[in-house]
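Chains as they are written, first to last, in my numbering: chain U, 1 to 319; chain F, 1001 to 1341; chain B, 2001 to 2336.
Beta carbons: idealized from backbone N, C-alpha and C, even for Gly.
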Ligand SMILES: Nc1ncnc2c1ncn2[C@@H]1O[C@H](COP(=O)(O)OP(=O)(O)O)[C@@H](O)[C@H]1O
Ligand code: SF4
Ligand SMILES: [Mg+2]
C-alpha cells in the first residue's frame, strides 16, 4: 500500500510540471513585456521611456534568459516556497503570501460545499435508483439538473434576493469570511454545492442501479434480507467506488467555481485572488495559483484512491 | 472427506410431511412486460418435489429455468410478474403471503445456489459474514454464535481451514471453494427446498464431480428436496431421480430420469439426448443439426412452440399447442405426435 | 447471464415437411423501423427533451432576427429612462445607461449562439482529429495524448479557459493588427470582434477533450471488430475503413456530445464575460450584463434576473435536450 502510494505521488510529478510549464510559458509570453510594464508604471513619467530602468528590470526579472531557464528558476524557487512577486499589486507582495492567506477560506468553503453536496446528493441518488423511473426519480434527477445547470453567478444572486433580501432567513452577506460554522457560510457553501449536485446524484443513481442488478443482491434477497437491509449492507458499499470518485472530482470542480461564489459573497479567498489576478493580468499570481490548485486537485484524487482501498477489499489486498 | 450434518430425529409432523411435496407448483405463468411486447417466460408449468428427491430441470438457455427457480422464491426481477398459477411451498401458498412473511421463508424453507459464485457473493463483505447473515436474521443467533455456526458449516461443506477462511473475501477463493461457500450460505438455515441453478456450469469437470457429490450428501442429511437446473443431460442422468424437460417456457416432457432418457417421447428430448451423445463422441446414433433457435417468447405462435425445428412436425402441430399428457406409467409429454406416425 | 450453453443452439434436423400452413401467422411481418425512426420516436416522447428543443429553436430564431425583434437598439441610450424597472415600454427595464435590457438580452442571445456554434464546431473537429490520430498512432503518442486529455480534465476548466483567454488576448490583438495593415479589413480593428475570437479560441482549446475521448475509444473498438477484418480482406486500408465506419458509429454519441458541449460553451462564454475577460463592451453578453447588474442586485434585481434567467433557461434546455438525445440515440446507455 505504501509503495503504491509513493508510486502514485511520483506519477503525479510529470503532470504537475507540464501544467505549470504550460501556464508559466503562456503567461510569460501572453502577458507582454513585464519589464516594459514596470518601467511604464514605476519609472519617472517625465523622462519618457527610461531605457536604463527598463534594462534594470529585465535583469531583475531574468528576462534575458531563455524561457526554460526562467521556468527552471521559478520551479526551483517554488519548491522552496517562493512563487515570485505580484508586480501588479501595491507593494509587490509575494505570491506565496497571498496564496497562504487565501487558501484556507476557500478550502473550508469547498469542504463545506462538498459536505452539503454529499449529504444531499447521495441520498437523492439512492432514492432515485430505488424508485427508478418513478415519480421521485424524475423529480430528483430533473430537480438537481436544474440546480446544477444554473450558473453559480446566477444562482447566487437569486439566492441572495430570495433568502436574504426578501425572506430575511439568513444574515446579510458580503463582508468577508466568518468561519466555517458561521451562518454567513451557509448560503455561499450551498450555492457552491449546487455546482456538483447533478453529478453526484446521477453517479449515485447509476451506481446503485448497477449494483441492484448484480447477482449478489439477488442472493442477499434470497437469504431473506429485507430491501432496506440489502441496500444498507450490500448495495451502498458496492456502489461507493464511483460515488467517492465523483465526489473527489467534484471537489476540483468546486474549487474552480469559487471564482464566482467568492466574488459574489465577497470572500477574500483563492477564487477571488484568481479572478482579480485574471482581470488585472497578474501573471505571477495566476501561475502560482495554478500550481497550488493543481496540487490541491491531485491531493483530492490521492485521497479518493486511499478511500478506494478502505472500501474495496479487492483494491486493498492487491496493492 | 466431509463431516456429515447431524441428522435430526424426524418429528411426527415431519413424518407426515414426508409424504407431502416440499413444493407443489400448478399452472405457473410468469410474464415480463417489455418495450417490444409481453414475454411469457413460463407458461403453465406444474411440478412437485418430494423431500429427499432431486428433480432435474433441463432445457436450452433462455427456456425459463432460472425464471422458474426465482419464482419459487418470489424473486422474479422487475418488471416480471407471476400472472397465474399457484406455488405451495412447504405447505404455504406463497403467492398469498405478505412480503415480510415471504422473507421469513427465504433461508429456512427455500434456499438457492447460484450459477456463478463469484458474482453471487458480495465482493466487499467477508464470506463468513454472508453465511452468518441469515443465521442472525432467521435463527436469532448472536454475532459470536453465528460465527461459530458459520465456521462449522464451512467445515461441513469441505472448506479447509475454516477459521481463517471465515474472514476472507470471495476473490481470494478458487472457483470450487467459492461454490462451496455458496452452498454453505444456502444450507445455513437448513432449507426444505434447495434450488440449484446451474451450480456446476462454471466449474471444471473434477470440481464439478465434487460439488455434485456434496449436493447429494447434503440432500441425504437434510432430507431436503432439490431442484437441479442444468443444460447438461449427463449431469441429470447421474444425479436426478426425475427430470423435467423445458422448451420455450413450458414443460415438454417429464418423468423418472431412467424412463425419459431411455425412451424419450418428445422430439426435443430426443434431440437433446442425441446432441449430448454427439458431444460425448458416441457416433452410433444419427446426428441432427440444423440452424435454429428457440423462439422469442413474445407472441408465440398458436401451435407447438417447437414446430419450426421439429423433424416430426406436421400441419396439425401449427394449429394448437399440445398439452402434457401421460405417455408412460409415470411419464408425460406435450406432443401431438409422440406415438409416432 | 447464462454461460454459453453446452447444449448446442441447433439440435435437430427439420424434416422438410409440415412447414407452417399459409396464414398460420407465425412470422407476422412487423414493419421494419430504422434506428433513426426509433430514436426520433423515443425523443418525441420525452417531454423535457422536446421542451428543450423548442426553446433552442426559439433561441436560434431570436438570435437570427434579434435586430428585427428588438424594440430598441441594443446600444441606444435613453437618458430620460435610467434604471427604470420593467414596464410596458421596457418589458425588462433599463440599465444605468438607459439602455433597454430586453433588446440587450436579445443581442446577448445572438452573441452566445454565435460563440457557442464556433466553439462546439471546433471542439468536434479538433476532437475528431486528435482522437482518431491518437488511436491510429497508438503506442507512445497515444499514451501522451491520453495523458494530456486526462490532465486537462482534472483541472478546473474555467480557470484554464480564463487563463488562456487573458494571456492570448494581447497576442491575438497583435495578430489582428498586423493582418489589418495588410488587408485593411475593418473588423480586424473591432475590439468586440477580437474578443469574440479570444473567447472562441480559449474555450475551444479545452472543449475538445470529450469528443476526442469518444472518438478515440470508438476507433479503438472499431478496429477490433470483425467487419473491419472482413473488409480488409477485400484490400481496403484499415484507416480508410475505420473512417468510413467511424462516422455512422460515432454519430449518435457525437450529436449528444455536441449538444451538451453547446450548452457548456454558452456557459463558458457567459462565465468569461462575467469575469470581465470575455466579450468586451459594448458587445452584448449575458455574462457581462449579469456582472454589471450585480452591484445593484439589491435595488434593481431585474438587471441580473433578466439575463440570468434567460441564460439558465437556455443552458437547461440544452441539458435536457442532450439528455433526451442520449436516451434516444444510445438507449442501451440508459440505466433501466
Ligand atoms: N428481466 C427480464 N426482462 C425481460 N425478459 C426476461 C427477464 N428475465 C428473463 N426474461 C425472459 O425469460 C426467458 C427465460 O429466461 P431464464 O429463466 O433466464 O432462462 P434460462 O435460465 O433457462 O436460461 C428469457 O428468454 C427472457 O426472454
Ligand atoms: S407437437 Fe408436433 S411440432 Fe410439437 S413436438 Fe410434437 S411433433 Fe413436433
Ligand atoms: Mg438461467
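State the DSSP-derived secondary structure class of residue 1228 (chain F), mapped to helix, strand or coil.
The sequence position of residue 1228 (chain F) within the second chain is 228, counting from 1. Three-state result, residue 1228 (chain F): strand.
Have a look at residue 2118 (chain B) and residue 300 (chain U) and give me their C-alpha separation to the nearest angstrom.
For the purposes of this step, residue 2118 (chain B) is taken as the residue at position 118 of the third chain. For the purposes of this step, residue 300 (chain U) is taken as the residue at position 300 of the first chain. When rounded, the distance between both Cα atoms is 34 Å.
Please classify residue 151 (chain U) as buried or exposed, where buried requires at least 16 other C-beta atoms within 10 Å of its C-beta.
Here residue 151 (chain U) refers to the residue found at position 151 of the first chain. Buried, by the Cβ-count rule.
Do residue 1304 (chain F) and residue 1315 (chain F) have their C-beta atoms closer together than 8 Å?
Against the second chain, residue 1304 (chain F) aligns to sequence position 304. Against the second chain, residue 1315 (chain F) aligns to sequence position 315. Taking 8 Å as the Cβ cut-off, residue 1304 (chain F) and residue 1315 (chain F) do not qualify as a contacting pair.
Tell whether a beta-carbon distance below 8 Å holds between residue 257 (chain U) and residue 208 (chain U).
Sequence index remark: in the first chain, residue 257 (chain U) carries index 257 (1-based). Sequence index remark: in the first chain, residue 208 (chain U) carries index 208 (1-based). Result no, Cβ atoms of residue 257 (chain U) and residue 208 (chain U) do not sit closer than 8 Å.
For a test of the three-state rule: what should DSSP assign to residue 15 (chain U), helix, strand or coil?
Counting from one through the first chain, the residue named residue 15 (chain U) turns up at place 15. Annotated three-state conformation of residue 15 (chain U) is helix, per DSSP.
In terms of residue numbering, what span does the alpha helix (DSSP H) encompassing residue 2035 (chain B) cover?
Taking the first residue of the third chain as 1, we reach residue 2035 (chain B) at position 35. The continuous alpha helix (DSSP H) containing residue 2035 (chain B) extends over residues 2035 to 2044.
Chain U partners of residue 1073 (chain F), CB-CB under 7 Å?
Stepping through the second chain from its first residue, residue 1073 (chain F) is reached at position 73. Those are 222, listed as they occur along chain U.
Compare the C-beta of residue 2167 (chain B) with all C-beta atoms of chain U and state if any pair is closer than 8 Å.
Walking along the third chain from the start, residue 2167 (chain B) turns up at place 167. The beta carbon of residue 2167 (chain B) sits closer than 8 Å to some beta carbon of chain U.
In the DSSP assignment, find the unbroken beta strand (DSSP E) run with residue 1058 (chain F) in it and report its ends.
Counted from its first residue, the second chain places residue 1058 (chain F) at position 58. Membership of residue 1058 (chain F) in the beta strand (DSSP E) is indicated by the continuous run 1054 to 1058.
Proximal residues of chain B, C-beta to C-beta of residue 149 (chain U) below 8 Å:
By one-based count along the first chain, residue 149 (chain U) stands at place 149. Chain-order list of chain B residues neighbouring residue 149 (chain U): 2263, 2312, 2315, 2316 and 2319, by C-beta distance under 8 Å.
Count the other CB atoms, across all protein chains shown, that sit within 10 Å of the CB of residue 1223 (chain F); report buried if there are 16 or more and exposed otherwise.
Position 223 of the second chain, counted from the start, is the residue given in the question as residue 1223 (chain F). The residue is buried, with at least 16 neighbouring Cβ atoms inside 10 Å.
Determine the burial state of residue 1038 (chain F): buried for a count of at least 16 other Cβ atoms within 10 Å of its Cβ, exposed for fewer.
For this step, residue 1038 (chain F) is matched to residue 38 along the second chain. Per the 10 Å Cβ criterion, exposed.
Measuring only the C-alpha atoms, how far is residue 303 (chain U) from residue 1170 (chain F)?
For the purposes of this step, residue 303 (chain U) is taken as residue 303 along the first chain, with counting starting at 1. For the purposes of this step, residue 1170 (chain F) is taken as residue 170 along the second chain, with counting starting at 1. The alpha-carbon atoms of residue 303 (chain U) and residue 1170 (chain F) are separated by roughly 26 Å.
Where do the ends of the beta strand (DSSP E) carrying residue 1032 (chain F) lie?
Within the second chain, numbered from 1, the residue matching residue 1032 (chain F) stands at position 32. Looking at the DSSP string, the run of the beta strand (DSSP E) that includes residue 1032 (chain F) is 1023 to 1034.
Jot down the residue ranges of each uninterrupted alpha helix (DSSP H) in the segment 1059 to 1109 of chain F, minimum 4 residues, whole runs only, in chain order.
Given a length threshold of 4 residues, each whole run of the alpha helix (DSSP H) inside the segment 1059 to 1109 of chain F is given here in chain order: 1065 to 1072 and 1099 to 1105.
Supposed contact pair residue 1173 (chain F) and residue 1196 (chain F) - C-beta distance, whole angstroms, cut 8 Å:
Counting from 1 along the second chain, the entry for residue 1196 (chain F) is found at position 196. Counting from 1 along the second chain, the entry for residue 1173 (chain F) is found at position 173. Not a contact, Cβ separation roughly 19 Å.
At least 3 beta-carbon pairs within less than 8 Å: the segment 2122 to 2139 of chain B vs the segment 2281 to 2293 of chain B:
Taking 8 Å as the limit for Cβ pairs, the verdict is that the segment 2281 to 2293 of chain B does not touch the segment 2122 to 2139 of chain B.
Cβ-Cβ separation, residue 2252 (chain B) to residue 2129 (chain B) (assumed contact under 8 Å), whole Å
Residue mapping note: residue 2129 (chain B) aligns to position 129 of the third chain, counting from 1. Residue mapping note: residue 2252 (chain B) aligns to position 252 of the third chain, counting from 1. At roughly 20 Å, the Cβ-Cβ gap does not stay under 8 Å, so residue 2129 (chain B) and residue 2252 (chain B) are not in contact.
Range of the contiguous alpha helix (DSSP H) that encloses residue 2050 (chain B)
As a working note, residue 2050 (chain B) is residue 50 in the third chain. Run containing residue 2050 (chain B): 2047 to 2064, per the alpha helix (DSSP H) assignment.
The segment 304 to 315 of chain U contacting the segment 1109 to 1121 of chain F, beta-carbon criterion three pairs below 8 Å
Touching, no, given that fewer than three Cβ pairs across the two stretches are closer than 8 Å.
At the 8 Å Cβ level, is residue 1124 (chain F) part of the contact set with chain U, yes or no?
On the second chain, residue 1124 (chain F) is found 124 positions in, with the first residue counted as 1. True, the Cβ-Cβ gap to chain U drops below 8 Å.
Residue 288 (chain U) and residue 83 (chain U) closer than 8 Å at C-beta:
Translated into the one-based positions of the first chain, residue 288 (chain U) becomes position 288. Translated into the one-based positions of the first chain, residue 83 (chain U) becomes position 83. The answer is yes: Cβ separation under 8 Å.
Going by C-alpha to C-alpha distance, which of B:2076, B:2086 and B:2259 sits closest to residue 2324 (chain B)?
Translated into positions along the third chain, residue 2324 (chain B) becomes position 324. Of the candidates B:2076, B:2086 and B:2259, the one whose C-alpha sits nearest the C-alpha of residue 2324 (chain B) is B:2259.
If you count every other CB in all the chains shown that lies within 10 Å of the CB of residue 2054 (chain B), and 16 or more means buried, which is it?
To locate residue 2054 (chain B), count along the third chain from 1; it is residue 54. Label assigned to residue 2054 (chain B): exposed.
Under the three-state DSSP convention, the category residue 1255 (chain F) falls into:
Residue 1255 (chain F) sits at position 255 when you count from the first residue of the second chain. In the three-state reduction of the DSSP assignment, residue 1255 (chain F) falls in the strand class, which pools E and B.
Give me the Cα-Cα distance between residue 2075 (chain B) and residue 2099 (chain B), rounded to the nearest whole angstrom.
Translated into the one-based positions of the third chain, residue 2075 (chain B) becomes position 75. Translated into the one-based positions of the third chain, residue 2099 (chain B) becomes position 99. Rounded to whole angstroms, residue 2075 (chain B) to residue 2099 (chain B) spans 6 Å at the Cα level.
Hey, how far is the Cα of residue 1296 (chain F) from the Cα of residue 1190 (chain F)?
Counted from its first residue, the second chain places residue 1296 (chain F) at position 296. Counted from its first residue, the second chain places residue 1190 (chain F) at position 190. Cα to Cα, residue 1296 (chain F) sits roughly 38 Å from residue 1190 (chain F).
Measuring alpha carbon to alpha carbon, tell me which residue in F:1031, F:1021, F:1185 and F:1332 is nearest residue 1248 (chain F).
On the second chain, residue 1248 (chain F) is found 248 positions in, with the first residue counted as 1. Cα-wise, what sits closest to residue 1248 (chain F) is F:1031.
Inside the segment 1141 to 1172 of chain F only - alpha helix (DSSP H) runs reaching at least 4 residues:
Along the segment 1141 to 1172 of chain F, the alpha helix (DSSP H) occurs as fully enclosed runs of 4 or more residues at 1143 to 1156 and 1162 to 1166, listed in sequence order.
Contact with chain F by residue 209 (chain U), beta-carbon distance below 8 Å
Position 209 of the first chain, counted from the first residue, corresponds to residue 209 (chain U). So no, residue 209 (chain U) is outside the interface.
Does any CB atom of chain F fall closer than 8 Å to the CB of residue 215 (chain U)?
Mapped onto the first chain, residue 215 (chain U) falls at position 215. Yes, residue 215 (chain U) counts as interfacial toward chain F.
Please list the terminal residues of the continuous alpha helix (DSSP H) segment that includes residue 1216 (chain F).
Counting from one through the second chain, the residue named residue 1216 (chain F) turns up at place 216. Annotation for residue 1216 (chain F): the continuous alpha helix (DSSP H) segment containing it runs 1205 to 1222.
Is residue 2034 (chain B) near ligand 4, going by C-beta to nearest heavy atom under 7 Å?
In the structure shown, ligand 4 is absent; the only ligands present are ligand 1, ligand 2 and ligand 3.
Is the segment 133 to 144 of chain U touching the segment 97 to 113 of chain U, taking contact as three or more C-beta pairs under 8 Å?
Fewer than three pairs of CB atoms, one per stretch, sit closer than 8 Å, so the segment 133 to 144 of chain U makes no contact with the segment 97 to 113 of chain U.
Name the residue from F:1272, F:1218 and F:1103 whose alpha carbon lies nearest to the alpha carbon of residue 1051 (chain F).
Sequence index remark: in the second chain, residue 1051 (chain F) carries index 51 (1-based). Among F:1272, F:1218 and F:1103, the Cα nearest to that of residue 1051 (chain F) belongs to F:1218.
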